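Taking the numbering used here, I'd label the letters of the sequence shown as residues 447 to 844.
Just so you know, even glycine gets a beta-carbon here, dropped at the ideal spot from N, CA and C.
Since the model is a prediction, treat every value here as computed from it, not as a measurement.
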Amino acid sequence: MHYSRHPPMRFVQFSDCHLGSAGSSSLALPDEKNAILRDDIRDSVKAACRIAKENMAHLVLIPGDVFDFELLKPEITSFLIDLLESLAPTPVFIAPGNHDGLRPGSPYMPASDISWPNNVHIFTTQNFESVAVRELDCTITGVAHVHRGITDRLLSERISRADAPINLLIFHGSREGFRPSDKEYVIPFSDQELANQGFTYAAIGHYHSFSTITNRDGQIIGAYSGCTQGRGLDETGDKIAILGEINSSGSVSLKPIVICRRRIISVDVDVTGAKSDESVLQRVAQRLDKSEAREEDIVCISLIGTLSPLVELSAIDREFSSRYFHVRISRSRLTPDYDIEALLVDSAAAPLRSAFVRKMLERKNSTSDPEELATIDDAIYYGLSALDGRPLEPRDVD
447 MHYSRHPPMR FVQFSDCHLG SAGSSSLALP DEKNAILRDD IRDSVKAACR
497 IAKENMAHLV LIPGDVFDFE LLKPEITSFL IDLLESLAPT PVFIAPGNHD
547 GLRPGSPYMP ASDISWPNNV HIFTTQNFES VAVRELDCTI TGVAHVHRGI
597 TDRLLSERIS RADAPINLLI FHGSREGFRP SDKEYVIPFS DQELANQGFT
647 YAAIGHYHSF STITNRDGQI IGAYSGCTQG RGLDETGDKI AILGEINSSG
697 SVSLKPIVIC RRRIISVDVD VTGAKSDESV LQRVAQRLDK SEAREEDIVC
747 ISLIGTLSPL VELSAIDREF SSRYFHVRIS RSRLTPDYDI EALLVDSAAA
797 PLRSAFVRKM LERKNSTSDP EELATIDDAI YYGLSALDGR PLEPRDVD
């Protein structure tokens, strides 16, 4: 595509598609719904490319984790090649991440027999390299992860690049101070280290939520677009691609555009004091109305608080499962409102329950360790639920 050298220069950024993957175990999706979610992921990538076409983007930037190497199948590679070729002549730049990093068998490998379209450039070195796009008066500097990822602070020293009016950086890395607890630590960097590099803009992958990075003057110097489709409880809400513009002064503006068909909606519902299934249903319904969950969404309901063990909760699944694509109800943060003092009293009707509670409280009174106390509390509730013939669900695992 010819660029007239008159800004704004438009680009589309997306990453962390994880093609081939399915929903996390926290969603408890059955196989047939996981198959649909895999199609949703493909559709989100198509939507991102459609945004590039419709807005006549000059560049497409993909900073990693397009697929999961362990789940890669030939049809995924073919899908990607055909889709990215359809963007030609718009240049597409891919900086492999820690999940789709370079390794034997990767379609990204230069020695691979896979033929990528001429408009697609894949960075294939562990050191930053620059590619000039002269018709756009810009350079794109990127790096590739190998196997499970680079952990060196590559941004701690100046990254060399060819001089150009617009200098873009693309990589898959961990912004310090914002790393989710379950994220691998790859190419760590601070906001100041990124600012010191002096790039016009950095397209960054790895984190699955949209976020921007600004310098001390409040100017945007980088962003994560996040994942393209939610697959777990840490990927709730709308998922987007970025439509960006860089004007003649080098100022960057970003517009997030929703590309996911299906959102993950997670709600906590406090049912403390509810006396019946009907009361619990009303509270759940009110909370879902506020969440604006749609029919096509995956809805995760976490019941919290204390609840009488006499409330069965049997109607919740039946009531809400037909309203949404998938409903997952967790009781793991729910504390049964047992009257422990009453249970201590010997009862001819329930001597085993009384003996069990007495024994557990003896153990509880013999320790001051917080972890052991919490374990004993859990054991009391597990044991009473089992004695009552109630289904057991792991506590506090969301």
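For residue 829, which of helix, strand or coil comes out of DSSP?
Reduced to three states, the DSSP call for residue 829 is helix.
Any chance you could list the beta strand (DSSP E) runs of at least 3 consecutive residues sitting entirely within the segment 461–511, in chain order?
For the segment 461–511, whole beta strand (DSSP E) runs of length 3 or above, ordered along the chain, are 505–508.
How do the segment 674–688 and the segment 491–505 stand: do at least 3 beta-carbon pairs fall below 8 Å, yes or no?
Yes: the two stretches touch, three or more of their Cβ pairs being nearer than 8 Å.
From the DSSP secondary-structure annotation, give me the bridge partner or partners of residue 635.
Per DSSP, 621.
Could you name the residues that DSSP lists as bridge partners for residue 455?
DSSP lists 692 as partners of residue 455.
Looking at C-beta atoms only, is the number of pairs between the segment 687–701 and the segment 458–467 that lie closer than 8 Å three or more?
Yes: at least three Cβ pairs fall under 8 Å.
Look at the alpha carbon of residue 511 and the alpha carbon of residue 715, and state the distance between them as a whole number of angstroms.
Roughly 34 Å between the two C-alpha positions.
Let me check one thing: in DSSP terms, what residues is residue 780 bridge-paired to?
Residue 780 is bridged to 751.
Our contact map puts residue 847 next to residue 633 with C-beta atoms below 8 Å; I'd like the distance itself, whole angstroms only.
Because the chain here runs from 447 to 844, residue 847 falls outside it and cannot be looked at.
With residue 516 as the anchor, note down where its alpha helix (DSSP H) starts and where it stops.
Note, residue 516: premise wrong, no alpha helix (DSSP H); not H, not E.
Can you round the beta-carbon distance between residue 523 and residue 498 to whole angstroms, since I take them to be within the 8 Å contact cut?
Contact flag wrong, Cβ pair sits at about 20 Å.
Looking at residue 454 and residue 661, is the spacing between their C-beta atoms short of 8 Å?
Contact flag unset, no.
Name the one or two DSSP bridge partners that residue 650 has.
Answer is 617 and 670, bridged to residue 650.
Would you call the CB atoms of residue 658 and residue 669 closer than 8 Å?
Closer than 8 Å, so yes.
Using the Cα positions of residue 529 and residue 731, report the straight-line distance between them to the nearest angstrom.
About 41 Å.
Please determine, among 696, 577, 762 and 736, the residue with the shortest C-alpha to C-alpha distance to residue 725.
Among 696, 577, 762 and 736, the Cα nearest to that of residue 725 belongs to 762.
Identify the residues that DSSP records as bridge partners of residue 539: which are they?
In the DSSP output, where bridge partners are listed per residue, residue 539 has 507 and 567.
Restricting to Cα atoms, I'd like to know which of 748, 581 and 754 is closest to residue 721.
For residue 721, the nearest C-alpha among the options comes from 754.
According to the Cβ coordinates, are residue 625 and residue 593 closer than 8 Å?
The answer is no: Cβ separation not under 8 Å.
Quick one: what's got a C-beta closer than 6 Å to residue 829's C-beta in the same chain, skipping five residues either side?
Once the five neighbours on either side are set aside, the close Cβ partners of residue 829 are 802.
Rounded to whole angstroms, what is the Cα-Cα separation between residue 558 and residue 774?
Their backbone Cα atoms lie some 42 Å apart in a straight line.
May I ask which residues mark the beginning and end of the alpha helix (DSSP H) holding residue 730?
It spans 723–737 - the alpha helix (DSSP H) in which residue 730 sits, taken as one unbroken run.
My guess is that residue 614 and residue 570 are in contact by the Cβ rule of under 8 Å, so how many angstroms apart are they, rounded?
About 18 Å separates the two Cβ atoms, so there is no contact after all.
Out of 821, 578 and 772, which one is the CA nearest neighbour of residue 475?
That would be 772, whose Cα lies nearest to the Cα of residue 475.
Could you check what DSSP says for residue 710 in three-state terms: helix, strand or coil?
In the structure shown, residue 710 sits in a strand (DSSP, three-state: E or B).
Whole angstroms are fine: how far does the CA of residue 742 sit from the CA of residue 713?
Taking the straight line joining both Cα atoms gives about 16 Å.
With a CB to CB cut of under 6 Å and the five nearest residues on each side skipped, what residues in its chain are close to residue 576?
Excluding residues within five positions, the ones whose Cβ falls inside 6 Å are 585, 587, 607 and 608.
Nearest-angstrom Cα distance between residue 844 and residue 708?
Annotation note: pLDDT 47 at residue 844 (below 50); position unreliable, coordinate value reported separately. Their backbone Cα atoms lie some 21 Å apart in a straight line.
What do you get for residue 643, buried or exposed, if any count of 16 or more other CB atoms within 10 angstroms of its CB means buried?
Label assigned to residue 643: buried.
How would you label residue 544, buried or exposed, when you count the other beta carbons within 10 angstroms and need 16 or more for buried?
When all chains shown are included, residue 544 counts as buried.
Just how far apart, CA to CA, sit residue 651 and residue 618?
Near 4 Å, if we compare the C-alpha coordinates of residue 618 and residue 651.
Which same chain residues end up closer than 6 Å to residue 637 when comparing Cβ atoms and leaving out the 5 residues on each side of it in sequence?
Answer for residue 637: 659, listed in chain order.
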